[in-house]
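Quick mapping for you: the protein sequence lines, in order, are chains A and B. Numbering-wise (our numbering), the first sequence opens with residue 1 and increments by one. Numbering-wise (our numbering), the second sequence opens with residue 1 and increments by one. Here a beta-carbon is modelled for each residue, glycine too, at the ideal position from N, C-alpha and C. Predicted, not measured: the structure shown is a model, and the values here were computed from it. Heads up, the thing below is written out as structure tokens.
Number of protein chains: 2
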Amino acid sequence: MSDVAALAGVSHQTVSRVLNEHPSVREDTRRRVLDAIATLGYRRNVAARALATARSATIGVVTTGSGLFGPASTLIAVEEAAREQGWYVSVATIRQYDGVTMHRVLDHFMDQAVEGIVVIAPQADVAEAVHEFRAPVPVVLIAAGETEAATIPLAVDQRLGARLATEYLLDLGHESVLHVSGPGDWLDAVEREAGWRSVHEERGITPPDPVGADWTADRGYQVGLGLADQIRTGEGPTAVFAANDHLALGMLRAFWERGVSVPRDVSVVGFDDVAGSGHFVPPLTTVRQPFDELGRRSVALLLEAVAGAQVGAELIAPMLVERASAGPPP
Amino acid sequence: MSDVAALAGVSHQTVSRVLNEHPSVREDTRRRVLDAIATLGYRRNVAARALATARSATIGVVTTGSGLFGPASTLIAVEEAAREQGWYVSVATIRQYDGVTMHRVLDHFMDQAVEGIVVIAPQADVAEAVHEFRAPVPVVLIAAGETEAATIPLAVDQRLGARLATEYLLDLGHESVLHVSGPGDWLDAVEREAGWRSVHEERGITPPDPVGADWTADRGYQVGLGLADQIRTGEGPTAVFAANDHLALGMLRAFWERGVSVPRDVSVVGFDDVAGSGHFVPPLTTVRQPFDELGRRSVALLLEAVAGAQVGAELIAPMLVERASAGPPP
DNA sequence: TGAGATGATGTGAGCGCACACATTCGACCA
DNA sequence: TGGTCGAATGTGTGCGCTCACATCATCTCA
Chain A
1 MSDVAALAGV SHQTVSRVLN EHPSVREDTR RRVLDAIATL GYRRNVAARA
51 LATARSATIG VVTTGSGLFG PASTLIAVEE AAREQGWYVS VATIRQYDGV
101 TMHRVLDHFM DQAVEGIVVI APQADVAEAV HEFRAPVPVV LIAAGETEAA
151 TIPLAVDQRL GARLATEYLL DLGHESVLHV SGPGDWLDAV EREAGWRSVH
201 EERGITPPDP VGADWTADRG YQVGLGLADQ IRTGEGPTAV FAANDHLALG
251 MLRAFWERGV SVPRDVSVVG FDDVAGSGHF VPPLTTVRQP FDELGRRSVA
301 LLLEAVAGAQ VGAELIAPML VERASAGPPP
Chain B
1 MSDVAALAGV SHQTVSRVLN EHPSVREDTR RRVLDAIATL GYRRNVAARA
51 LATARSATIG VVTTGSGLFG PASTLIAVEE AAREQGWYVS VATIRQYDGV
101 TMHRVLDHFM DQAVEGIVVI APQADVAEAV HEFRAPVPVV LIAAGETEAA
151 TIPLAVDQRL GARLATEYLL DLGHESVLHV SGPGDWLDAV EREAGWRSVH
201 EERGITPPDP VGADWTADRG YQVGLGLADQ IRTGEGPTAV FAANDHLALG
251 MLRAFWERGV SVPRDVSVVG FDDVAGSGHF VPPLTTVRQP FDELGRRSVA
301 LLLEAVAGAQ VGAELIAPML VERASAGPPP
């Protein structure tokens, strides 16, 4: 920096002013400094800047270690939004969501002196672990479910998404909808089930017991094989709401293998709108989550909080994507 | 740090020694310092450390901004491997792969003083842009295709993967294999086509002209519709090697809609083994890329290079995953 | 015409750490 | 018992920047 100052014939402080866009610098000296910077190929040292200002201009993002579409898309949106505002983004991934690992990852971020954290945290214990950690910086917790202090909750409205799917099926004329639910320790799964249930209750319908599952196409296939037999004997459901698209995919395959026609014999609706779901056999009606917006909003909220503002919980609305896998009952 | 030193009754330098695991510190003073650190909740300031050592302990990863399975999985593996070794990982994503954007992103990393960069760069111009940038730190370029100096190339052997798929189909008895290729500016696509072509040439077969496509299921569907008509009139291919699983998915749907049976009327092989491809209709035979290993190797190579070692190009072998979508010709 | 206000610039200090060097301590052997 | 050597510890300095403050030039209006 002093080299630049020397070349431009000013003091180091004036260089600093130019760099920080301080208003009171005359246009021609500004130009001179900028030229000197260019000819010297000078680049401000972040470490020194961070040391002097006690600010790192970095946010941390913890995300799932599974390459899933949703978390990955959210991460990308977060990064873009952050970089646009001049922030650096550090990531940490978690394969196994337990309190210890979560703690370690948050520690990793605190070591790095991040100024805020976004946690893409789909499981209940993760949310808890985050709360327990009591981070000294703002934390945006992307997680469905009930709010807690100490973090800023933000989520796609899973319950609404499930309601959209369920209402759509009931409005098509189905008497009730079977739910193939996600794992019970995932907040999204719990919320989706709650949304599905609430629609039935509002309409005075007793829904069939949900079938418990994980998030995999394998499990969907298994469940689908079982249902196919019931459907062929006429005692199965006429409409199924799967907790995610992968489950739905496995079920579609099972139905296809067993000669159960979708949507003629049974309607299927998924959740997520994963890449390619528009070309499943048949194309899958599903609920699309606006991950981009989720990422952008999380950065906006976080940066507001970092700047000292009080920010509250937010919910983002998903939307139903109508395709061919759902129709009126047989 | 001086607080810790005072509490432990030692000098700040001794604290520094404990932190850096210097050997000549007596066990009991080490203990005392550690206790003091714990009671004070002291955390070393990375900025000051970076300033003093001129090292940031950070690597940058630039990846695609599309939430695709491959890049996302690679990123995760990179991050895990790096964190394990005590490195921080900063990310930057690119939606649009042009030279300018690439330049901007690499600048972003240089501003941040990263010590090494991993570029997950599937397109030819990206690789070029990276070379042109002439980064002052080691760069691992995850990209198929020819090697260049200035970066450390690393890739999954796309050509081998394509050969695996093509040989598998020819060995099943097909006279030739039609290739539905990816976009020509993607290195992976070029390599896959080259692998497919080389097998035909070795066996003295003239392959049919490849059908150009992008990476999407939509395009696969279009292509599939066209092929279905040919196949039903007996003049279509008996085996198709799609450049990726999404293309294959779209084709499978088109075949299904047009009553073309897979694999009875036509065999289909994909590339990637995306989540759920085992439950496509029918389950898709495809080529699996070891993204985890790719990520781990890239970090290993990068850290070696950062440490000053000379490291060379590497190729990682993919594997064929046999499922139901390919069989003998009709 | 001069005092005050404002804008443009310079000066010095300190952020918290690691490095090079100086010093102290203790053990061991002649 | 003194000398030597190495282990253990302390002292001072500088990394490159921003901040608070001081200074100087310029303009405005009474």
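Within chain A, the residues that residue i reaches when beta carbons sit closer than 7 Å
i, result
"VAL88(B)", "Before going further, note that residue 88(B) is Tyr rather than Val in the sequence given. Those are SER90 and GLN112, listed as they occur along chain A."
"SER73(B)", "GLY67"
Cβ pair residue i, residue j closer than 8 Å
i, j, result
"GLY335(B)", "VAL177(B)", "Here chain B covers residues 1 to 330 and nothing more, so residue 335(B) does not appear."
"VAL260(B)", "VAL266(B)", "yes"
"PRO329(A)", "THR238(A)", "yes"
"ARG30(A)", "VAL18(A)", "yes"
"LEU301(A)", "ILE152(A)", "yes"
"ALA213(B)", "VAL199(B)", "no"
"VAL281(A)", "TRP256(B)", "yes"
"LEU294(B)", "ALA165(B)", "no"
"ALA144(B)", "GLY67(A)", "no"
"GLY327(B)", "LEU172(B)", "yes"
"PRO283(B)", "ILE316(B)", "no"
"VAL299(A)", "ALA135(A)", "no"
"THR285(A)", "GLU322(A)", "yes"
"ALA242(B)", "VAL180(B)", "yes"
"ALA129(B)", "MET110(B)", "no"
"ALA217(A)", "HIS22(B)", "no"
Partners in chain B for residue i, counting only beta-carbon separations shorter than 9 Å
i, result
"HIS108(A)", "ARG83 and TYR88"
"VAL46(A)", "ALA47, ALA50, SER56, ASP111, GLN112 and ALA113"
"LEU252(A)", "HIS279 and VAL281"
Where residue i falls, given that 16 or more other Cβ within 10 Å makes a residue buried
i, result
"ASP272(A)", "buried"
"HIS174(B)", "buried"
"ASP229(A)", "exposed"
"VAL100(B)", "exposed"
"GLY234(A)", "exposed"
"GLU132(B)", "exposed"
"GLN123(B)", "buried"
"SER90(B)", "buried"
"THR53(A)", "exposed"
"GLY250(B)", "buried"
"SER365(A)", "No answer is possible for residue 365(A): it lies beyond the span of chain A, which begins at 1 and ends at 330."
"ASN20(A)", "exposed"
"PRO263(A)", "buried"
"GLY9(A)", "exposed"
"GLN158(B)", "buried"
Limits of the beta strand (DSSP E) - the one that residue i falls within
i, result
"PRO71(A)", "Careful: PRO71(A) lies outside any beta strand (DSSP E), inside the alpha helix (DSSP H) at 69 to 84."
"ILE142(B)", "139 to 142"
"LEU320(B)", "319 to 321"
"PHE342(A)", "Since the first residue shown for chain A is 1 and the last is 330, residue 342(A) is missing from the structure and cannot be characterised."
"THR216(B)", "No beta strand (DSSP E) contains THR216(B), which DSSP labels as neither H nor E."
"LEU315(B)", "314 to 316"
"HIS179(A)", "178 to 181"
"GLY60(A)", "58 to 64"
Residue i versus residue j - alpha carbon distance
i, j, result
"LEU7(A)", "VAL15(A)", "11 Å"
"THR39(B)", "VAL4(B)", "9 Å"
"GLY204(A)", "LEU247(A)", "27 Å"
"VAL311(A)", "LEU303(A)", "10 Å"
"TRP196(B)", "ILE142(B)", "21 Å"
"ALA162(A)", "ALA305(A)", "30 Å"
"LEU160(A)", "PRO318(A)", "7 Å"
"VAL78(A)", "ASP209(B)", "42 Å"
"VAL236(B)", "VAL118(B)", "Reading the sequence as shown, one finds Gly at residue 236(B) and not Val. When rounded, the distance between both Cα atoms is 43 Å."
Residue span of the alpha helix (DSSP H) that contains residue i, given as start and end
i, result
"GLU191(A)", "187 to 202"
"LEU247(B)", "245 to 257"
"LEU169(A)", "158 to 171"
Partners in chain B for residue i, counting only beta-carbon separations shorter than 7 Å
i, result
"LEU249(A)", "GLY276 and HIS279"
"ILE76(A)", "GLY65, GLY67 and THR93"
"TRP256(A)", "VAL281"
"ARG43(A)", "MET110 and ASP111"
"TYR221(A)", "HIS279"
Contacts of residue i in chain A (Cβ-Cβ under 9 Å)
i, result
"HIS246(B)", "ALA275, GLY276 and HIS279"
Within chain B, partners of residue i - CB distance below 8 Å
i, result
"ALA217(A)", "ALA275, GLY276, GLY278 and HIS279"
Chain-ordered neighbours of residue i on chain A, where CB pairs are closer than 8 Å
i, result
"GLU21(B)", "Simply none; closest approach about 16 Å."
"GLU80(B)", "GLY65, THR93 and ARG95"
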